[in-house]
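Chains as they are written, first to last, in our numbering: chain A, 166 to 447; chain B, 3 to 321.
What follows is the structure, encoded as structure tokens:
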């Protein structure tokens with residue numbers, strides 16, 4: 166840890182306090198979501214719960230963010246909704262990144278027919294508006310955690326294929342790749358040990374930015390009712406349901422909305438910092 | 003010395019398609035390289051020198067012609083046993099080493115791939131190789147970013163030597179280095195050649211280096227060999243006009259050097275003529291001695307004396 170804070174990379178990253186703030190926010194939210202069951206004031210409000218005496222309470226010392234029309238604590242529900250956003254974001258990347266990277270490496274390195282088939286397929290995916298495609302998939306499947314993940318991953322891998330494809334196309338002409346061939350390296354070695362490590366900075370930066378896009382996408386799906394189904398808390402759905410009570414019971418929409426804003430902003434700032442630190446274009 | 007060549011190039015050509023038009027990087031060249039010698043390949047940027055190296059190394063596929071190694075044609079796809087025997091040191095010290103891999107990982111790669119030594123000897127062998135190229139084992143765990151240009155070229159050389167090759171293609175190995183470092187790397191190359199009985203194909207545009215290191219020299223222009231012969235003979239009495247021009251462009255500092263330099267009458271029109279196309283001698287547009295035949299017929303590489311060849315309709319010293 167001390168080595169990290171003394172390293173040149175950290176120095177470059179920390180020169181922008183906004184990036185540090187972004188990273189700190191992400192870490193705090195991640196920590197809070199992990200320990201949510203311990204710190205949430207009303208864990209029972211996450212599920213099916215009705216308290217008619219306390220419906221539509223404004224924000225206060227008991228209910229930090231107020232309560233909704235069922236009397237559930239919005240603060241507790243935001244904490245739990247963060248868990249879902251984080252988990253789906255990470256899982257989407259865990260699916261889209263390996264798939265995209267492998268296809269990008271193959272298309273960029275081998276060229277020819279492999280290139281044509283893979284890259285024209287990505288063109289088809291990229292030509293469709295992502296939200297529309299995700300909505301189509303979600304409309305066809307049952308809205309569930311697994312299906313949301315699947316739907317977003319299906320539209321996300323082509324971006325990684327593009328990124329890695331372009332990097333591979335230029336890196337394969339580098340001297341060290343040619344030299345590795347002369348040194349008898351296998352294609353697998355060249356792809357995984359010579360080319361891929363040089364893609365990592367761009368990859369990490371894109372992943373940071375994409376976390377924010379995926380979180381927004383989940384919120385958008387939730388907003389139109391195709392996200393997590395009740396009673397599971399979902400930031401997008403909470404905003405949508407609160408809209409009915411605007412402007413008098415403003416807290417129902419505003420706090421979940423702010424929660425989305427803060428997390429998305431944090432990942433964007435963090436991504437900016439990474440981009441400057443690793444000196445890459447995405 | 004004059005045994006059968008270890009490596010021959012016959013009619014080797016490489017075409018590229020650039021926006022529908024054919025560009026000849028190599029237009030049918032012949033070369034013979036004998037075991038243990040240093041053959042210099044000289045030419046300006048775009049003359050096809052590096053393409054020639056890549057074809058010999060099997061990094062690109064020839065459009066026509068052959069590379070013949072020990073009597074057998076050498077394809078782009080070749081067995082690992084054959085690939086091992088021809089190695090390379092590249093021009094750019096900043097791209098020749100993977101920035102994400104340590105010196106040790108870089109030099110170990112050929113040891114692993116060609117099974118040069120047993121697994122438990124990798125580390126020791128990398129140390130030996132670093133020692134051979136004049137570096138210490140303490141550099142083993144460094145990344146290229148921590149090395150100077152000269153050190154990087156030494157690591158690249160150690161990587162080439164790791165395969166225990168017979169031929170090393172040296173693609174402008176010193177052109178990116180400071181002059182003082184250049185001299186030391188060249189001295190190392192000469193020493194290694196003697197120790198390991200290496201054959202060098204020394205690609206360069208630097209004629210002063212050629213004079214110091216190569217026994218024979220081939221001058222390339224626009225994908226053709228225009229002159230070839232023993233270094234002393236080519237330097238003392240260049241026959242092709244392009245060679246004369248190259249030699250006359252070496253900067254000199256003393257009258258003694260000036261005296262041995264061929265004279266060259268600059269024709270201002272020659273520069274304008276550079277873009278013109280010639281069906282014959284590729285140098286015709288820049289040559290003050292060009293006659294009609296030069297524009298229409300490709301001159302053959304002909305022997306003027308023993309071993310000294312030139313492809314010119316009106317070679318220097320003949321008319």
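Backbone N, C-alpha and C fix where the C-beta goes; we use that ideal spot for every residue, glycine too.
Beta carbon proximity, residue i to chain A, threshold 8 angstroms
{"i": "residue 111 of chain B", "result": "yes"}
{"i": "residue 318 of chain B", "result": "no"}
{"i": "residue 221 of chain B", "result": "no"}
{"i": "residue 104 of chain B", "result": "no"}
{"i": "residue 59 of chain B", "result": "yes"}
{"i": "residue 148 of chain B", "result": "no"}
{"i": "residue 80 of chain B", "result": "no"}
{"i": "residue 2 of chain B", "result": "Since the first and last residues shown for chain B are 3 and 321, residue 2 of chain B lies out of range."}
{"i": "residue 161 of chain B", "result": "yes"}
{"i": "residue 20 of chain B", "result": "no"}
Three-state secondary structure (DSSP) of residue i
{"i": "residue 346 of chain A", "result": "helix"}
{"i": "residue 300 of chain B", "result": "coil"}
{"i": "residue 325 of chain A", "result": "helix"}
{"i": "residue 338 of chain A", "result": "coil"}
{"i": "residue 66 of chain B", "result": "strand"}
{"i": "residue 16 of chain B", "result": "strand"}
{"i": "residue 312 of chain B", "result": "strand"}
{"i": "residue 50 of chain B", "result": "coil"}
{"i": "residue 318 of chain B", "result": "coil"}
{"i": "residue 259 of chain A", "result": "helix"}
{"i": "residue 174 of chain A", "result": "helix"}
{"i": "residue 42 of chain B", "result": "strand"}
{"i": "residue 3 of chain B", "result": "Any reading at residue 3 of chain B is ruled out, since the residue's pLDDT is 47, under 50, leaving its predicted position unreliable."}
{"i": "residue 295 of chain B", "result": "helix"}
{"i": "residue 35 of chain B", "result": "strand"}
{"i": "residue 26 of chain B", "result": "strand"}
{"i": "residue 255 of chain B", "result": "coil"}
C-beta atoms of residue i and residue j nearer than 8 angstroms
{"i": "residue 323 of chain A", "j": "residue 236 of chain A", "result": "no"}
{"i": "residue 398 of chain A", "j": "residue 171 of chain A", "result": "no"}
{"i": "residue 378 of chain A", "j": "residue 187 of chain A", "result": "no"}
{"i": "residue 152 of chain B", "j": "residue 187 of chain B", "result": "yes"}
{"i": "residue 249 of chain B", "j": "residue 237 of chain B", "result": "yes"}
{"i": "residue 320 of chain A", "j": "residue 312 of chain A", "result": "no"}
{"i": "residue 284 of chain B", "j": "residue 241 of chain B", "result": "no"}
{"i": "residue 137 of chain A", "j": "residue 239 of chain A", "result": "Any question about residue 137 of chain A goes unanswered here, given that chain A covers just 166 to 447."}
{"i": "residue 194 of chain A", "j": "residue 245 of chain A", "result": "no"}
{"i": "residue 131 of chain B", "j": "residue 99 of chain B", "result": "no"}
{"i": "residue 293 of chain B", "j": "residue 315 of chain B", "result": "yes"}
{"i": "residue 367 of chain A", "j": "residue 282 of chain A", "result": "no"}
{"i": "residue 45 of chain B", "j": "residue 223 of chain B", "result": "yes"}
{"i": "residue 261 of chain A", "j": "residue 330 of chain A", "result": "no"}
{"i": "residue 229 of chain B", "j": "residue 295 of chain B", "result": "no"}
{"i": "residue 86 of chain B", "j": "residue 276 of chain A", "result": "no"}
{"i": "residue 245 of chain B", "j": "residue 213 of chain B", "result": "no"}
Member of the options whose CA lies at the smallest distance from the CA of residue i
{"i": "residue 38 of chain B", "options": "B/46, B/9 and B/29", "result": "B/9"}
{"i": "residue 362 of chain A", "options": "A/275, A/375 and A/341", "result": "A/341"}
{"i": "residue 206 of chain B", "options": "B/41, B/240, B/21 and B/137", "result": "B/41"}
{"i": "residue 154 of chain B", "options": "B/135, B/249 and B/85", "result": "B/135"}
{"i": "residue 358 of chain A", "options": "B/160, B/261, B/110 and B/166", "result": "B/110"}
{"i": "residue 209 of chain B", "options": "B/221, B/148, B/200 and B/105", "result": "B/221"}
{"i": "residue 73 of chain B", "options": "B/66, B/163 and B/84", "result": "B/84"}
{"i": "residue 104 of chain B", "options": "B/90, B/128 and B/93", "result": "B/128"}
{"i": "residue 11 of chain B", "options": "B/25, B/295 and B/43", "result": "B/43"}
{"i": "residue 291 of chain A", "options": "A/409, A/317, A/251 and A/403", "result": "A/317"}
{"i": "residue 170 of chain B", "options": "B/143, B/199, B/179 and B/184", "result": "B/199"}
{"i": "residue 29 of chain B", "options": "B/302, B/196 and B/76", "result": "B/302"}
{"i": "residue 58 of chain B", "options": "B/66, B/78, B/195 and B/65", "result": "B/78"}
Within-8 angstroms CB hit, residue i to chain B
{"i": "residue 309 of chain A", "result": "no"}
{"i": "residue 345 of chain A", "result": "yes"}
{"i": "residue 349 of chain A", "result": "yes"}
{"i": "residue 221 of chain A", "result": "no"}
{"i": "residue 331 of chain A", "result": "no"}
{"i": "residue 276 of chain A", "result": "no"}
{"i": "residue 341 of chain A", "result": "yes"}
{"i": "residue 363 of chain A", "result": "yes"}
{"i": "residue 359 of chain A", "result": "yes"}
Residue i: CB within 7 angstroms of a non-hydrogen atom of the ligand GTP
{"i": "residue 198 of chain A", "result": "The ligand GTP is absent from the structure shown, which contains no ligand whatsoever."}
Query - Length at least 4, wholly inside the segment 179-246 of chain A: the alpha helix (DSSP H) runs in chain order - result: Whole alpha helix (DSSP H) segments, 4+ residues: 182-199 and 201-204.
Requested in this report: Please go through the segment 72-144 of chain B and give each complete beta strand (DSSP E) segment of 3 or more residues, from N-terminal end onward.
Outcome: Runs found: 74-76 and 88-91.
Query raised in the report: In chain order, which continuous runs of the beta strand (DSSP E) of length 3 or greater are located wholly inside the segment 130-217 of chain B?
Result: Correct list: 169-173 and 201-206.
Requested in this report: List in chain order: all unbroken alpha helix (DSSP H) runs of 4+ residues lying wholly within the segment 392-423 of chain A.
Outcome: Segments of the alpha helix (DSSP H) lying fully in the segment 392-423 of chain A: 400-407.
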